[in-house]
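Below is one structure, written out as structure tokens, with a few remarks after it.
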Amino acid sequence: MTTQFDKFTFKLLLATTIREKDNSYIVSEIFSRFPSIQELLDVTEEELLSIKGIGRVKAQQIIAALKLARLNPSTAEERYAIRSPQDAYDYLKDMQYLKREEFVCLGLNTKNEIMFRQTIFTGSLNASIVHPRETFLPLIKRCCASAIVAHNHPSGQPEPSREDIEVTKRLVEVGKVVGIEVLDHIIVGHEKYISLKEKGYL
């Protein structure tokens, strides 16, 4: 069974489960937020409740359907492993086309495989609005071993600003407290990137 067929099957499964069309806002939003099969299988009830139109009952129905799907070995999808800053950039380089800055978090397991990717916020990076709680809450919920954070520079130039460095150091310190290591902060530019770990800021 191919990944493409898996996703189509999952759309039909979820649409039928919650009595929606497979192209409805709710189903489309689920697949927008959790684009890979693995992210979908790992979704939590709380994450589903954050989607407009999904209440407690629908969220529980979706979780139940996904639990059944997880029992089928054909739904397994190989996780992407991060071995170097280049690997992280290769996974995130689609961010170079974004018109606005986005700050994202990758949750990793003990094998440095990506468990999920989540956009934390959209807008200019500022230490006063990057709350560690919002970054680490999904990591804690998924029992992640470590994390990589990243954001894009729409200008195409990835050189870090003072705010970029300040945010990074703050998140690294919080990571030490909660036991989830922040491995790197990748700044995505146009066809290039900068790793703050390689630059010595971590």
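Going by this note's numbering, the first residue of the sequence shown is number 139, and it counts up by one from there.
For every residue, glycine included, the Cβ atom is placed at its ideal position computed from N, Cα and C.
Taking C-alpha positions only, Gln234 is separated from Arg308 by approximately 25 Å. In the DSSP assignment, Phe259 falls within the unbroken beta strand (DSSP E) covering Ile252 to Thr260.
A Cβ-Cβ separation of about 5 Å places Val287 in contact with His323 under the 8 Å criterion. Secondary structure at Glu336: coil, using DSSP grouped into helix, strand and coil.
Ile286 carries a strand assignment under DSSP once its states are collapsed to helix, strand and coil. For Glu240, the uninterrupted beta strand (DSSP E) segment begins and ends at Glu240 to Leu246.
A contact between stretches requires three or more CB pairs, one per stretch, nearer than 8 Å, and the stretch 214-232 fails this requirement with the stretch 150-166. Nearest neighbour of Val310 by Cα position, chosen from Arg300, Leu321 and Arg194, turns out to be Leu321.
Looking from the CA of Pro276, the closest CA among Val305, Gly313 and Pro298 belongs to Gly313. Taken through DSSP and simplified to helix, strand or coil, Asp225 comes out as helix.
The alpha-carbon separation between Phe172 and Leu340 amounts to approximately 29 Å.
Around the CB of Val195, fewer than 16 other CB atoms lie within 10 Å, so the residue is classed as exposed. Excluding its 5 nearest sequence neighbours in each direction, Arg208 has C-beta neighbours in its own chain below 7 Å: Leu179, listed in chain order.
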